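Following the working numbering, the numbering of the sequence shown begins with 65 at its first residue and continues without gaps.
Yeah, the Cβ is synthetic: ideal placement off N, Cα and C, and Gly gets one too.
Bear in mind the structure is a predicted one, so any value in this text is a computation, not a measurement.
Taking it in order: structure first as C-alpha cells, then the write-up.
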Amino acid sequence: MTPTQETDLILIVDDSPADLEVLSKTLTDAGFEIAIAIDGESALEQVGYELPTLILLDVLLPGIDGFETCRRLKMNPLTQEIPIIFLTVLDDTLDKIKGLNLGAVDYVSKPFQQEEVLARVRVQLKLYSLTKTLERQNTQLKQEVEQRTAAEAALQKLTVDLEKRVEERTAKLKQTLSELQQAQMRLVQSEKMYSLGKMVAGIAHELNNPVSFIDGNLVYALHYIDDLLELLHLYIKHYPNPAPEIQEKAEKIDLDFVMRDLPKLLNSMQVGTERIATLVRSLRNFSHLDQAEKKAVDLHQSLDNTLLILQHRLKLTSKFPGIQILKEYGNLPLVECYPGQLNQVFMNILSNAIEALEESVINHEGTERIDKDIPKIEIRTEATNDKVTIRFADNGPGMTQTVYDRLFDPFFTTKSFGKGTGLGLAISYQIVVEKHGGRLHCVSTLGEGAEFIIEIPLPKAD
Ligand SMILES: Nc1ncnc2c1ncn2[C@@H]1O[C@H](COP(=O)(O)OP(=O)(O)OP(=O)(O)O)[C@@H](O)[C@H]1O
Ligand SMILES: [Mg+2]
65 MTPTQETDLI LIVDDSPADL EVLSKTLTDA GFEIAIAIDG ESALEQVGYE
115 LPTLILLDVL LPGIDGFETC RRLKMNPLTQ EIPIIFLTVL DDTLDKIKGL
165 NLGAVDYVSK PFQQEEVLAR VRVQLKLYSL TKTLERQNTQ LKQEVEQRTA
215 AEAALQKLTV DLEKRVEERT AKLKQTLSEL QQAQMRLVQS EKMYSLGKMV
265 AGIAHELNNP VSFIDGNLVY ALHYIDDLLE LLHLYIKHYP NPAPEIQEKA
315 EKIDLDFVMR DLPKLLNSMQ VGTERIATLV RSLRNFSHLD QAEKKAVDLH
365 QSLDNTLLIL QHRLKLTSKF PGIQILKEYG NLPLVECYPG QLNQVFMNIL
415 SNAIEALEES VINHEGTERI DKDIPKIEIR TEATNDKVTI RFADNGPGMT
465 QTVYDRLFDP FFTTKSFGKG TGLGLAISYQ IVVEKHGGRL HCVSTLGEGA
515 EFIIEIPLPK AD
C-alpha cells in the first residue's frame, strides 16, 4: 500500500450528522476520498471491504465506544498499522492519554477547526508515509546486508577451496619432485656402481696377468739364483786364486756384496708381488659386479678390502699426519647380503670420514695438535641374535644440526662444487634400508666427530 497523499481514503467514524457533514466536506474539498461509519461495529465491518489510509474515530459512539473500536482495530494485523485520530468533545486529559495508549496517533477536539483537522490529518499521513518509506528502505538494507553476507560466505568458501586446491597441488608437486629425485638417484647410483665396478674389474683383470707371471716365474728365478750362487761358492772354494781378469771384475762389481744382497732383494720382490696379488683379489672382491644375488659373506673381509683400496688416503704425507684405523672386530657370522653394494656403503662412509678428518686438519693448520687429535677412525663390529652392527666413528669436526637433519637427502652436500655429489649417504641409506631391511643412522656432536651405525638384520635362527 503506497499512500499517495491526495487520493488517500479516510474513514470517518462518527454518529453526529453535523460533524459528519463538516468533516466530509473539509476532507473532500482537500481532495481526499472518504468513507463513513456511524458506529464502531460498522466501522470494523467497513475496513474489511477496503482498508482506509487513516481513521478519524469518535470516542462517544452508540454500541461499542471509540476506545474499544480502536483496541479491536489494533488487534487485527491487517488494520493495526492504520493511523487513528480520535475525535473527542471531552477535553479530558485522562481520555486523551487512554486513546494514545491504545495506539491512536493524535486527537482532535470538538468543535472542529477545519484547518486544524486538515493539518493533523496531513501530518499523520506524511508521518505514516515516511515511516513506510523508512521501513521499506530498512527491509531493502537488510536484504542487501543478507546478500553481502551470503556473497562473503561464498567468497570465503571459494578461498578455502582454492587454498585446499593449492595445497593439494603443492603436495602432489612435492611428491613428484621427490619421486624424480629418487629416480635420478637410482640412475646415478647404478651408473656410479656400474662404472666403478667396471673400472675396478678392468684394472684387476689387467693387473692379474702380469702379476701372476711375475709371481710364477719368481719361484724359478729364486731357485736358479740359489743354484748359481752355490756354484759360485764352489768356484771360489776350489779356485781361490782366479785369473787376474776375473779377480779384477769381481772387485769391480763388489761380488761379495752382490752375493749377500741378491737373495734379500729377491725376497722383497716376492713380498711386493704378493701384496699386488692381494690387492688384485680385493679389487675383484670389491667390484662383485656379477653378484646380482645375495651371498653369505665375511663382512670383516669386506671391510678390510675396502680399507686396502682406501690405503693411499690414510697414509701420512707432508701435509697430512695420516689416519689411524682402530679395528675392534667382534664375532660375526657370515652375513647374507649383496656384498658389492655393502662395500659401496663402507666405501662411502669411510670416504666421508676421511674427508671430514682432512678438513679438520686443514682447519687446524698452524696450531699445535695434541695427541687426542690424531685423526682416527674406529671400526667396531658386533653381532647379536637378530642383527649385526657395524660402527664407524671418526674424531673429525662433527656436524651442525642443519647438516645432520639433511644428511641422507639426495644431493645434499657441504663440499665444494665438483668435489661431492651429495649422493654417498643417500645411496648408502637406500642400500642398507631398502635392499637389506636394515638401519643406517648417525650420532654426531659438533666439534666431537661423527659415528655412523649400520645394522643388518640376521635371519631368525630356527
Ligand atoms: N663423518 C662425517 N663428519 C662430518 N660431516 C659428514 C660426515 N659424513 C658426512 N658428512 C656430511 O654429510 C654430507 C653428505 O654426505 P654424502 O656422502 O651424502 O655426500 P658428499 O660426501 O658431500 O658427496 P659424495 O659422497 O657424493 O661425494 C657431507 O657433505 C658432509 O657435510
Ligand atoms: Mg660422501
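Buried versus exposed call for residue i [16 or more other C-beta atoms within 10 Å across all chains shown]
i      : result
Asn331 : exposed
Leu125 : buried
Ser480 : exposed
Gly460 : buried
Phe321 : exposed
Leu219 : exposed
His376 : exposed
Leu226 : exposed
His297 : exposed
Gly266 : exposed
His269 : exposed
Tyr288 : exposed
Leu237 : exposed
Ile434 : Because the pLDDT at Ile434 is just 48, under 50, the model does not fix this residue reliably, and the value given afterwards should be weighed accordingly. When all chains shown are included, Ile434 counts as exposed.
Val230 : exposed
Asn407 : buried
Asn281 : exposed
Asn416 : buried
Asp458 : buried
Ile317 : exposed
Gly404 : buried
Ser242 : exposed
Option in the options with minimal Cα separation from residue i
i      : options                           : result
Pro474 : Phe456, Ser480 and Gln494         : Gln494
Leu414 : Ser424, Ile443, Ala99 and Gln405  : Ile443
Ile441 : Val230, Thr240, Lys379 and Arg212 : Lys379
Leu343 : Lys328, Phe321 and Thr370         : Thr370
Tyr402 : Ile373, Lys174, Gly112 and Glu357 : Glu357
Glu392 : Ala447, Phe472 and Ile102         : Ala447
Leu75  : Lys483, Val185 and Leu198         : Val185
Met333 : Leu367, Leu286, Ile373 and Ser366 : Leu286
Pro521 : Gln110, Tyr303 and Asn449         : Asn449
Met411 : Val77, Ala341, Leu489 and Pro439  : Leu489
Met139 : Arg212, Thr445, Val153 and Leu166 : Leu166
Tyr113 : Pro304, Leu164 and Ala101         : Ala101
Val409 : Ser424, Asp290, His500 and Pro306 : His500
Arg470 : Val209, Phe456, Gly486 and Ala247 : Gly486
Glu498 : Glu315, Arg250, Leu390 and His302 : Arg250
Lys483 : Gly502, Asn395 and Glu423         : Glu423
Gln110 : Ile148, Val77 and Ile300          : Val77
Leu173 : Leu121, Asp325, Leu329 and Cys134 : For clarity, residue 173 is Ser in the given sequence; the question names Leu instead. Among Leu121, Asp325, Leu329 and Cys134, the Cα nearest to that of Ser173 is on Leu121.
Lys196 : Ile146, Val224, Glu208 and Ala217 : Ile146
Same chain only: Cβ atoms within 6 Å of residue i, ignoring 5 sequence neighbours per side
i      : result
Ile278 : Thr337
Ile518 : Ile454, Val496 and Leu504
Leu91  : Ile74 and Ile98
Pro439 : Ile387 and Leu421
Collapsed DSSP secondary structure at residue i in the structure displayed
i      : result
Tyr288 : helix
Lys527 : With the chain covering only 65 through 526, there is no way to say anything about residue 527.
Lys64  : Examination of residue 64 is not possible in this model, given that the chain is present from 65 through 526 alone.
Ile387 : coil
Ala457 : strand
Thr366 : Residue identity differs from the one stated: residue 366 is Ser in this sequence, not Thr. Reduced to three states, the DSSP call for Ser366 is helix.
Glu512 : coil
His500 : coil
Asp83  : helix
Pro474 : coil
Ile161 : helix
Ser537 : Beyond the ends of the chain as shown, which are 65 and 526, falls residue 537; an answer cannot be given.
Tyr171 : strand
Ala99  : strand
Lys483 : coil
Glu294 : helix
Leu118 : strand
Pro141 : coil
Ala447 : strand
Phe176 : coil
Asp354 : With a pLDDT of only 48 at Asp354, under the threshold of 50, the placement of this residue in the model should not be trusted; the figure read from the coordinates follows. If DSSP states are grouped into helix, strand and coil, Asp354 belongs with coil.
Beta-carbon contacts of residue i that lie in its chain and below 8 Å, excluding the five residues immediately before and after
i      : result
Asp129 : Gly104 and Val123
Asp354 : In this prediction, Asp354 has a pLDDT of 48, which is less than 50 and means its spatial position is unreliable; nothing more can be read from the coordinates.
Pro523 : Glu400
Gln207 : none
7 Å Cβ shell around residue i - same chain, five flanking residues per side excluded
i      : result
Tyr171 : Ile149, Phe150, Thr152, Lys160 and Gly163
Heavy atom of ligand 3 within 7 Å of residue i beta-carbon
i      : result
Leu489 : Although ligand 3 was asked about, the structure shown includes only ligand 1 and ligand 2 as ligands.
message = Measuring CB atoms only, is the segment 103-110 touching the segment 178-185, in the sense that at least three cross pairs come out at less than 8 Å?
response = No, the segment 103-110 is not in contact with the segment 178-185.
inquiry  = Between the segment 463-471 and the segment 505-518, can you find at least three pairs of beta-carbon atoms closer than 8 Å?
reply    = Output reads yes: the segment 463-471 touches the segment 505-518.
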